[in-house]
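Contents: one structure, followed by commentary.
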Amino acid sequence: MAGDIQKLGSQTLIYGTGYIVTRMLNFFLLPFYSHLFHPSQYGVASLVFSGIAFLNIIYHYGLDSAFLRFYTKKGDYQREEAFTAAFFSLLCTGIVLSLLLFFNSTWISRVFLGSSGYEQLIRLASGILLMDTLVNIPLHTLRMNDKALSFTFINLANVILNMSLNIWLIRYRGMGLEGIFWANIAASTLSFVLLLPVLKKNLKTAFNTRLFRQMLRFGLPFVPGGIASMVLELIDRYMLRIMMDYETVGLYSAGYKLGIFMLIVVMGYKFAWQPFFLNKADDPQAPITFGRVFTVFNVMMALVFLGVTLFIHDFITLRIFGITVFGENYWQAEHIVPIILGAYIFLGMYINFLPSIYFSEKTGVIPLISGSAAVLNVILNYFLIQSFGMTGAAWATFLSYLWMAGLTYFVVRRWYAIPYNWKKVFLTYGLLTVILLVYYLGNLTALHEKAGLFLVYVGLLFFFKIGDLNQIRRIFKRG
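So the sequence shown is numbered by my numbering: it starts at 3 and just counts up by one.
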């Protein structure tokens with residue numbers, strides 16, 4: 003068991019480090035945008051990219067999740083057949099869907115962005131969606147074969163090119179918002195080229211129709227859940243545009259993106275977690291391992307939450323050569339960051355509860371759970387935005403993710419029982435709450451005061467034997 007957790011820790015460290023580097027490089031574009039674009043302009047770009055994230059679910063229609071399952075599942079087929087079935091299907095449907103978007107760009111722009119003047123952004127978005135679809139299965143293949151370094155290298159190359167082209171096209175070629183989208187297309191094309199060896203190795207000329215039907219039956223139930231998850235993640239931007247304005251959308255999107263520090267931990271963990279637990283399907287000790295991992299995961303979540311909350315103001319107002327990291331027009335988005343961080347904690351918990359669904363193959367429950375959270379999110383956004391603006395949208399997100407994580411746990415625990423140490427988890431967040439009360443009620447602003455609070459929290463974790471240093475060291479020790 004210790005070796006298994008150590009392997010997860012090693013993979014999480016590689017994926018996490020790679021994800022941190024790539025996301026932080028990408029994140030540095032936000033200060034760049036904040037000095038060149040008005041919040042209303044950034045709001046337009048944010049809405050289009052929100053649409054791209056939503057349409058990714060349609061483009062993949064559950065085949066990415068099915069591929070993860072059937073690539074590791076033992077059966078009367080070869081792994082390459084699962085790869086071929088998923089890739090060729092996504093290629094064909096991706097071309098059709100992108101052509102539909104391209105030739106209906108004017109109507110889509112008018113309906114979803116309130117003006118036909120953004121049709122070129124929609125056309126470019128169709129190209130991004132197609133290229134992202136083509137690299138999806140090859141990237142998953144690297145993950146399932148524990149090729150964490152290759153996976154990280156390709157993503158890093160993507161982000162470096164994306165970042166470089168953003169600066170060149172916007173700052174020096176004056177392409178404005180279009181430069182953001184052209185840079186993304188070029189970066190995704192580079193990823194595809196770098197993944198050609200994976201395609202060459204895994205792609206077969208024969209198409210296993212029976213296997214493809216099995217993959218569809220497994221994957222399609224993920225689509226409603228995926229759509230609901232995207233509604234949960236993105237509907238707030240569109241409701242803010244309708245109920246407020248583009249400037250509010252831009253500010254909210256910037257504040258949301260400042261939650262990247264927590265998202266990095268969650269997604270870096272997810273990249274390692276899915277292959278890890280899928281490969282443990284037949285291990286009788288797996289539930290105990292998963293329970294121990296969950297405790298350490300929540301300690302990491304709490305530490306990141308506290309660190310970002312304490313120092314986010316100092317970060318965005320930091321001056322380098324007389325220029326602030328963030329444009330002053332965006333500073334007012336700071337107050338929603340802790341709320342978004344909290345939402346990501348519950349997203350991380352939801353990810354931890356997935357083994358019960360995968361191992362029992364009860365994927366039909368996913369759209370019901372995420373669908374209920376999406377409906378709740380729409381209702382909460384409608385009422386909270388009216389009263390509290392973008393702060394209300396942030397709280398709607400927080401409460402909806404809390405609902406999704408809690409409902410998932412109580413529904414699926416009877417299918418695959420995992421002995422979570424809830425006493426330690428609740429104590430972790432209880433101590434965090436006490437530290438936050440001291441911070442806010444004491445109105446602490448000095449850096450040394452904040453650093454002291456952080457160290458006190460770390461000390462409390464070890465005092466109550468929540469943060470077991472030896473266990474954490476074992477988990478993240480490289481094999």
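Heads up, the beta-carbon is just placed ideally off N, CA and C, and yes, glycines get one too.
When the five nearest sequence neighbours on each side are left out, the beta carbons in the same chain lying within less than 8 Å of the beta carbon of residue 421 are those of 289, 290 and 293, in order along the chain. Counting C-beta pairs with one atom in each stretch, the region 246 to 256 and the region 37 to 48 have three or more that are closer than 8 Å, which means they touch.
Between the beta-carbon of residue 176 and that of residue 268 there is about 37 Å, and that puts the pair past the 8 Å contact cut.
In this model, residue 121 and residue 183 are separated by some 13 Å (Cα to Cα). When rounded, the separation of the alpha-carbon atoms in residue 415 and residue 173 is 52 Å. Residue 326 sits in a strand when the DSSP states are folded into three classes.
With fewer than 16 other Cβ atoms inside 10 Å of its own Cβ, residue 219 counts as exposed. In the DSSP assignment, residue 321 is bridged to 326.
In this model, residue 81 and residue 159 are separated by some 27 Å (Cα to Cα). In this structure, residue 346 keeps its C-beta atom at 7 Å or more from the C-beta atom of residue 232.
Scanning 381, 103 and 408 for the CA closest to the CA of residue 397 turns up 381.
Residue nearest to residue 355 within the set 407, 321, 145 and 327 is 407 (criterion: CA-CA distance).
Put simply, the backbone Cα of residue 436 is about 17 Å away from that of residue 341. At the C-beta level, residue 410 and residue 353 stay beyond 7 Å of one another. Separation of residue 297 and residue 402 (C-alpha to C-alpha, rounded to the nearest whole angstrom) is 23 Å.
Going by C-alpha positions, residue 88 is about 7 Å away from residue 69.
Shown here, residue 446 sits in coil according to DSSP, grouped into three states, outside any helix or strand. As the crow flies, the alpha-carbon of residue 431 is around 18 Å from that of residue 452.
In the structure shown, the three-state DSSP call for residue 424 is helix. With the rule of 3 Cβ pairs closer than 8 Å, the region 191 to 204 does not count as touching the region 323 to 343. Closest by C-alpha distance to residue 405, out of 418, 433, 385 and 376, is 376. When secondary structure is reduced to three states using DSSP, residue 456 falls in the helix class. A straight line joining the alpha-carbon of residue 359 with that of residue 367 spans about 8 Å. Taking a contact as a CB-CB distance under 8 Å, the pair residue 338 and residue 257 counts as one, their CB atoms being some 4 Å apart.
CA-to-CA, the gap between residue 252 and residue 456 works out to about 31 Å. A straight-line Cα-Cα distance of about 54 Å links residue 93 and residue 450. Between residue 128 and residue 105, the C-beta spacing is not below 7 Å. Bounds of the alpha helix (DSSP H) holding residue 273 are 262 to 280. Cβ neighbours of residue 228 within its own chain (closer than 6 Å, five residues either side excluded): 59. Restricting attention to 161, 426 and 168, the CA atom closest to the CA of residue 178 is found in 168.
Of the candidates 379, 280 and 146, 379 places its Cα closest to the Cα of residue 237. For residue 307, the number of other beta carbons within 10 angstroms of its own is at least 16, and it is reported as buried.
If you draw a straight line from the Cα of residue 153 to the Cα of residue 141, it comes to about 7 Å. Here residue 206 carries a coil assignment [DSSP, helix/strand/coil].
With respect to the C-alpha of residue 361, the residue from 46, 72, 37 and 322 having the closest C-alpha is 72. Proximity to residue 144 across 134, 155 and 135 peaks at 155, based on C-alpha coordinates.
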